[in-house]
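Mapped onto our numbering, the consecutive letters of the sequence shown carry residue numbers 57 to 497. A virtual CB, placed ideally from N, CA and C, is assigned to each residue, including glycine. Owing to the predicted nature of the structure, the values given are computational and were not obtained by experimental measurement.
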Amino acid sequence: MAGSEAAWQAAQLGVPVVIHEMRPKVETFAHRTGNLAEMVCSNSFRSDDSEQNAVGLLHWEMRAAGGLIMDMATKHRLPAGGALAVDRDPFAESVTAALKAHPLVTVSYEEITALPDNGHWIIATGPLTSGALAQAVQEETGADALAFFDAIAPIVYFDSIDMNVAWMQSRYDKGETEEERTAYLNCPMTKDQYEAFIDALLAAEKAEFKEGETAGYFDGCLPIEVMAERGRETLRFGPMKPVGLTNAHDPANKPYAVVQLRRDNALGTLFNIVGFQTKMKYGAQAHVLRMIPGLHVAKFARLGGIHRNTFLNSPTLLDEQMRLKSKPHIRFAGQITGVEGYVESAAMGLLAGRMAAAEIKGETLPEVPRTSAMGALVHHITGGAEAKTFQPMNVNFGLFPPLDGVRGGRRGRKDRYKGYTDRAKEDWQTWLAPQSSLAAE
Ligand SMILES: Cc1cc2nc3c(=O)[nH]c(=O)nc-3n(C[C@H](O)[C@H](O)[C@H](O)COP(=O)(O)OP(=O)(O)OC[C@H]3O[C@@H](n4cnc5c(N)ncnc54)[C@H](O)[C@@H]3O)c2cc1C
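1. So, is L258 buried or exposed, given that buried needs 16 or more other C-beta atoms within 10 angstroms?
2. Which residue marks the beginning of the beta strand (DSSP E) containing Y476, and which one marks its end?
3. Taking 6 Å as the line, does the beta carbon of I437 fall inside it for any heavy atom of ligand 1?
4. Just to check my reading of the structure: T84 and L202 have Cβ atoms closer than 8 Å, yes? What is that Cβ distance to the nearest angstrom?
5. Let's see if you can read the secondary structure: which residues bound the alpha helix (DSSP H) around R144?
6. Under 6 Å: does the beta carbon of Q333 sit that close to some heavy atom of ligand 1?
7. In this structure, how does DSSP classify S164 when only helix, strand and coil are distinguished?
8. Between V163 and ligand 1, is there a pair consisting of the residue's CB and a ligand heavy atom that are separated by less than 6 Å?
9. Is it right to say R463 is buried, meaning 16 or more other beta carbons lie within 10 angstroms of its own, or is it exposed?
10. Indicate the three-state DSSP secondary structure (helix, strand or coil) for F332 in the structure shown.
11. Check this for me: beta carbons of S164 and G138, under 7 Å apart or not?
12. Is there at least one non-hydrogen atom of ligand 1 closer than 6 Å to the beta-carbon of R79?
13. Would you say the beta carbon of Q391 comes nearer than 6 Å to a heavy atom of ligand 1?
14. Apply the 10 Å Cβ neighbour rule to T438 and answer buried if 16 or more other Cβ atoms are within range, or exposed otherwise.
15. Please identify the residue among W487, L326 and T290 whose C-alpha is closest to the C-alpha of A441.
16. Should P311 and P295 be called a contact, given that it needs their Cβ atoms to be closer than 7 Å?
17. In its own chain, which residues sit with a C-beta less than 6 Å from the C-beta of G231, not counting the 5 before and 5 after it?
18. If contact is defined by three or more beta carbon pairs under 8 Å, each pair taking one atom from either stretch, is the stretch 243-263 in contact with the stretch 331-338?
19. Beta carbon of E8, beta carbon of W484: below 7 Å?
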């Protein structure tokens, strides 16, 4: 996804590109063909609504930038209501054909096993980056900077949390500053609520690991349901322990268990549920999580999961131009940068392709507007996200700088989202416009 889009964008700006693709010579457990831009699982690009949905806005921005992935997805769309479902094989075949037909693109079928010493490179090898290259990246960046699994705890929009039930406090009030002493958001449970929660967790439908996916699966990120299977009290002695906390709304009553959430972005609009990685299926997951007091009407920016996924700690490793700080002739793009999903991956390819082409032509593109979906996402991965707890992210409105003068909460949502998307479209076009001259140079 990302590599195809990056190559297309750079070539359209007049820069010759070689795509190095290891398939079909070297396979992954998820891909089936040798096509570029193969959709490995679902055939959906999710919502196509560019007024009320952040991923739909990303579609719009990619179309405005002449994106190949969106163009071919639209040509091969299948009926799916408001979603953009895609006829996967003709889609991938047409992306491959368009790239091969481009006079400035060459496709070379081989595995890249080391970090190149010179030239201009974009590494967009995805969640299933081959072992040799992953090792080379790890040697360059350090063992802790490259993950092989994501263990995603669900992320909640702050404005959907009931603060009449929840309160802010760090365990044992630890911290030098008031901000640190109140860094966590706490949701209290009585014994009955805890027992009902454990029952629902054990009964919930879970997703299975795919074959080949579990190698290296480790104890440090056990799903909450696996902890609950080990014993009904395990969670109460783990991520739900109630010690060192006093319920600000009811100081006399000690909670039986506490679910903690931690700020997930600098804006403070998103909070992740600490230690709550899970393989519960999405429908069941939302139902079970809404049993947590304070989260009964929670809106999720993303639900939890555990997957095989190779990704960088981008907030510490990449600059705002998506370059590896230690080797700036190498950019990264796609899921390996810590975005999640076909559309987000292709979007980061689009940016990396444009940035690399501009650089080769002796220019530096200005910062991508943070008010656009592209800018919100690239800013999140290259600096806005918490580096210590960095996990892959879907595009969502929680990543956007707040709008002045719009109503908060559920009631104001429609106007607020329209406000975000109107602002994004205008700023994105303003960013794109001067780049048309690059192609002519
Ligand atoms: C099992 C699985 C299921 C997924 N399901 C979905 C889903 O349903 N919906 C969704 O939106 N997202 C899904 N994703 C997440 C993700 O968005 C997609 O994997 C997406 O394709 C990522 O785009 P990308 O361009 O970063 O990587 P990819 O599309 O995987 O492209 C990377 C390319 O690099 C090649 N490559 C890897 N290593 C090397 C090397 N050393 N040398 C040369 N070539 C190399 C690979 O063969 C591949 O063609 C899934 C991921 C996985 C692993």
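From the atom records:
1. exposed
2. No beta strand (DSSP E) holds Y476; the alpha helix (DSSP H) holding it covers R469 to L488.
3. no
4. With a Cβ gap of about 17 Å, T84 and L202 do not count as contacting.
5. Residues R144 to A157.
6. No - ligand 1 has no heavy atom lying nearer than 6 Å to the Cβ of Q333.
7. strand
8. no
9. exposed
10. In this structure, F332 counts as coil in the three-state DSSP scheme.
11. no
12. yes
13. yes
14. buried
15. L326
16. Cβ atoms of P311 and P295: not closer than 7 Å.
17. R237
18. In this structure the stretch 331-338 touches the stretch 243-263; the number of beta carbon pairs closer than 8 Å is three or more.
19. Not covered by the structure: residue 8. The range shown for the chain is 57 to 497.
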